[in-house]
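First the structure, in the form of structure tokens, and then the observations on it.
Chains as they are written, first to last, in our numbering: chain A, 1 to 267; chain B, 268 to 535.
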């Protein structure tokens, strides 16, 4: 993205303007809290949030919870993505299988995961496994549906070209259909990655002994609002890192799809 | 050698023999459409055959049946003495668009048929490089399709159709999407490659002058139902040169073929 040379100011470049907007908002927030004497228990100032975060890092409270939640997110995302893509590949083999199974998968998707989280905690206990399963069920569907759509997206000409040189169904899958589905699959993984943060936190809210969601609840009980906000900040950062990681892998794998839309341009 | 006497019977047993081929399929309104009816056609080994006809005359259907990607109707098709029952390793196809796989580099695109047919990789790679040299894409083996112009991409498509050394090359309006200048260059290149490879070619085109320029025989098709209405041997000397377009003999061939269409003006 080359910026035009003629008179580029902060206001003409979205990439430069975006952080400025953030700084202005933070300053307004800080100023409003101080000027109006908003109690810290209602809305902490950004400076208080940063301070709280610093204290949590220095005292070592944050780290173990951070690791637990990251483990839940990554494991849940990984399992959900693998199962979703795998099942998508199976179902995406034919319109027939898709028409038989897909309605049930959509129906299953309409069950709110938050609502089944308590059941999973009872089945699997308060430990990691229940959070991982909840996260996986949330990450699963975007991976599945995008894989199915992507596998049907191969241009007819490519299939005919391969058939004309005597390719088997399996060869057509490996040489055209799967690579052709990858842009869709990565779009699904991007959504799944961000959703898996929600999955892990929901699981921890329902019942956990550790993790950032657990920490939020603890701080909420003791009215430590700055602490709660600082954990929210950490969760945001985890989500952004996941999104960036998916984008990084996607750009490496999909170097050929130069004109694909980036859901968050500039990142 | 390709000489002016090459004809359907000159090579003895023809490479392609089509007898009484028909094809009916369900149209958009559910009613049967007679795409092909009673097609008889022989193509001798090493012969260059062009098919001309208006849109909807079934010429692409004929090619797709020969390529094995569309089931044939009644009638018989033999290629090299074997009854056609699907895609054949002995056929190479060039499509209207290049149909390159954007995630594969040029060399690896050319290698697709060789990979599919599990041919020895080293031989095939050497052949692919020779073909790329032959079409003037020597330095582009490791580029990606998106970096090439339309004409260059279609050249890659031609290399891919030839990499497994097929005895029959099918071409469906291969240069239709290119501008007139590039098209002439590509036609000359195609003739050179055909000569070097000693290939048998069936090429579909909209352009009567192009057909006359390239072919040993020009097959004229008409629509509803798709059928062959005439078959003209073209006895212009080889190698063909662009200045032949203005010779009286060339003009006479074009006029004779065009007479089939003048009344309805369906093709150029």
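Even glycine gets a Cβ: it sits at the ideal position worked out from N, Cα and C.
Asked: Inter-residue CB distance, residue 381(B) and residue 430(B) (contact presumed, cutoff 8 Å); Found: 5 Å
Asked: Chain A contact residues for residue 368(B), given Cβ-Cβ distances below 8 Å; Found: 158, 175, 176, 179
Asked: Beta-bridge pairing of residue 468(B) - partner residues as DSSP gives them; Found: 315(B), 436(B)
Asked: Beta-bridge partners of residue 343(B), as assigned by DSSP; Found: 286(B)
Asked: Cutoff 7 Å: residue 523(B) Cβ touching any chain A Cβ; Found: no
Asked: Assumed close pair residue 344(B), residue 357(B) - CB separation to whole angstroms, cut-off 8 Å; Found: Residue 344(B) to residue 357(B), Cβ: 13 Å. No contact.
Asked: Selected residue, minimal CA-CA separation from residue 499(B), among 516(B), 523(B), 383(B); Found: 523(B)
Asked: Rounded C-alpha distance that separates residue 341(B) from residue 287(B); Found: 7 Å
Asked: Partner residues on chain A for residue 356(B), Cβ-Cβ distance less than 9 Å; Found: 165, 166
Asked: Backbone secondary structure at residue 402(B) - three-state DSSP; Found: coil
Asked: C-beta contact flag for residue 180(A) and residue 153(A) at 7 Å; Found: yes
Asked: Beta carbon proximity, residue 360(B) to chain A, threshold 7 Å; Found: yes
Asked: Inter-residue spacing [alpha-carbon to alpha-carbon] between residue 535(B) and residue 374(B); Found: Confidence at residue 535(B) is low in this model, with a pLDDT of 42, below 50, so the placement of that residue should be treated as unreliable; the coordinate-derived value is given next. Roughly 37 Å between the two C-alpha positions.
Asked: Test: residue 380(B) CB closer than 7 Å to a CB of chain A; Found: yes
Asked: C-alpha distance - residue 388(B) paired with residue 296(B), whole-angstrom precision; Found: 48 Å
Asked: Nonlocal neighbours in the same chain, by C-beta distance under 6 Å from residue 301(B), ignoring five residues either side; Found: 291, 492
Asked: Endpoints, alpha helix (DSSP H) assigned at residue 109(A); Found: 95–110
Asked: Beta bridge counterpart(s) of residue 495(B) as assigned by DSSP; Found: 488(B)
Asked: Candidates 160(A), 230(A), 135(A), of which the one nearest residue 337(B) by Cα; Found: 160(A)
Asked: Rounded C-alpha distance that separates residue 486(B) from residue 320(B); Found: 8 Å
Asked: 8 Å Cβ shell around residue 253(A) - same chain, five flanking residues per side excluded; Found: 182, 186
Asked: Own chain, CB closer than 7 Å to residue 82(A), minus 5 neighbours either side, in chain order; Found: none
Asked: Straight-line gap, residue 450(B) to residue 141(A) (C-alpha atoms, nearest Å); Found: 49 Å
Asked: Whole-Å CB distance - residue 158(A) paired with residue 368(B), under 8 Å assumed; Found: 7 Å
Asked: 6 Å CB neighbourhood of residue 354(B) in its chain, flanking five on each side removed; Found: 335
Asked: Contacting residues, own chain, Cβ-Cβ under 6 Å from residue 205(A) (five flanking each side not counted); Found: 213
Asked: Candidates 238(A), 163(A), 150(A): closest to residue 193(A) by CA position; Found: 238(A)
Asked: Per-residue burial, residue 385(B) [other beta carbons within 10 Å of its own, 16 or more giving buried]; Found: exposed
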